[in-house]
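Below is one structure; the comments refer to it alone.
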Amino acid sequence: MQDKELWSWYKSGEITGLEGLYNAYYMPLTNYGFKFTEDKSFIEESIQDLFLKLWRNRDSIVTPQVVKQYLLLSFRRILLRKLEYSPSRLEEAFSGEHVPFYLELSYEHPLIRAERAAELKKKVDALMDTLTHRQREAIFLKYYEDLSYEEIAEILQINTGGTYKLVYRALERLREQFGDFSLLVLLYLLQRR
1 MQDKELWSWY KSGEITGLEG LYNAYYMPLT NYGFKFTEDK SFIEESIQDL FLKLWRNRDS
61 IVTPQVVKQY LLLSFRRILL RKLEYSPSRL EEAFSGEHVP FYLELSYEHP LIRAERAAEL
121 KKKVDALMDT LTHRQREAIF LKYYEDLSYE EIAEILQINT GGTYKLVYRA LERLREQFGD
181 FSLLVLLYLL QRR
C-alpha cells in the first residue's frame, strides 16, 4: 500500500491508516533512532510518542509531500527534545553539530565477506569516526535512507546548499584518507545497507 493512501486513511480517522504507517516505518525509525542513542526502549517510546501525537493532531496536520521525510523529521524533533530534557540522559543532550549520531556500517556484500572483512570494517569505522556527528547523520540519510538533499536539509533544519556542503566535506574527508577507488567501494557499501 502506498504512503499517500495510508496517510489519507489516517487523516480521515481510520486507525488502519496509522497502523499501516507505523508498520511501514517502525524499522526505519528505529534504525534512525539508534544513530542518536543506543537505548532501545527510549527509541520505542519515542516512536510511540510520535504516532500518538500524529493521531491526536490528525485534523491539524497538513499532508506532506513525502511521508518518509515528514516522519523522520518529526521523529528527530521528538528524540532531540526528549534527550535534551531527560535528566538521566543529560550527557547525551547536545544540539546542532554536537548531537551524537552513531553510524555503523553493514557489511553483507559478497565482495567483503572474505578474509579482509574485519580489517576493512575497522578501517571504515575509524574513518567514519573522523567525521562530525552532523556529517555522519547526513551520510546516513543520503546513502542509507536514500533521501534527496532537499529532504535531508529539511530534516537537519539547514538550507539545501548547506546539505550539499555537509555531504561534500564528509566525502572529501573520507577521500583524503581512503583514496578515490576505495571511496567508491565505501559508497557502494553504504548504498547496499
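In this text, residue positions in the sequence shown follow the UniProt record's numbering: the first is 1, and each later residue adds one.
Think of the CB as a built atom: it goes at the ideal place given N, C-alpha and C, for glycine as much as any other residue.
Just so we're clear, the structure is a prediction, and the values are computed from it rather than from any experiment.
Work out the CA separation of residue j and residue i for me, nearest whole Å.
{"i": "Tyr-168", "j": "Val-62", "result": "33 Å"}
{"i": "Lys-82", "j": "Phe-75", "result": "11 Å"}
{"i": "Ile-152", "j": "Leu-141", "result": "7 Å"}
{"i": "Tyr-22", "j": "Asn-31", "result": "14 Å"}
{"i": "His-133", "j": "Leu-50", "result": "23 Å"}
{"i": "Leu-174", "j": "Leu-166", "result": "12 Å"}
{"i": "Lys-4", "j": "Gln-177", "result": "42 Å"}
{"i": "Glu-137", "j": "Leu-6", "result": "28 Å"}
{"i": "Gly-33", "j": "Tyr-144", "result": "13 Å"}
{"i": "Glu-45", "j": "Leu-79", "result": "10 Å"}
How should residue i be labelled, buried or exposed, when 16 other C-beta atoms within 10 angstroms of its C-beta is the threshold for buried?
{"i": "Lys-35", "result": "buried"}
{"i": "Asp-13", "result": "As written in the sequence, residue 13 is Gly, which differs from the Asp given in the question. Flag for Gly-13 reads exposed."}
{"i": "Met-27", "result": "exposed"}
{"i": "Gln-69", "result": "buried"}
{"i": "Gln-135", "result": "buried"}
Where does residue i fall in DSSP's three states?
{"i": "Leu-6", "result": "helix"}
{"i": "Gly-161", "result": "helix"}
{"i": "Asp-146", "result": "coil"}
{"i": "Thr-130", "result": "coil"}
{"i": "Ser-41", "result": "helix"}
{"i": "Glu-151", "result": "helix"}
{"i": "Lys-35", "result": "coil"}
Output needed for residue i: all residues of its chain with C-beta closer than 7 Å, excluding positions within five of it in sequence on either side, in chain order.
{"i": "Tyr-149", "result": "Thr-160, Thr-163, Tyr-164"}
{"i": "Leu-73", "result": "Glu-154, Ile-155"}
{"i": "Lys-11", "result": "Arg-58, Thr-63"}
{"i": "Leu-18", "result": "Tyr-10, Phe-51, Leu-54, Trp-55"}
> What are the complete alpha helix (DSSP H) segments, minimum 4 residues, inside the region 46-87?
Replying inline: 67-85
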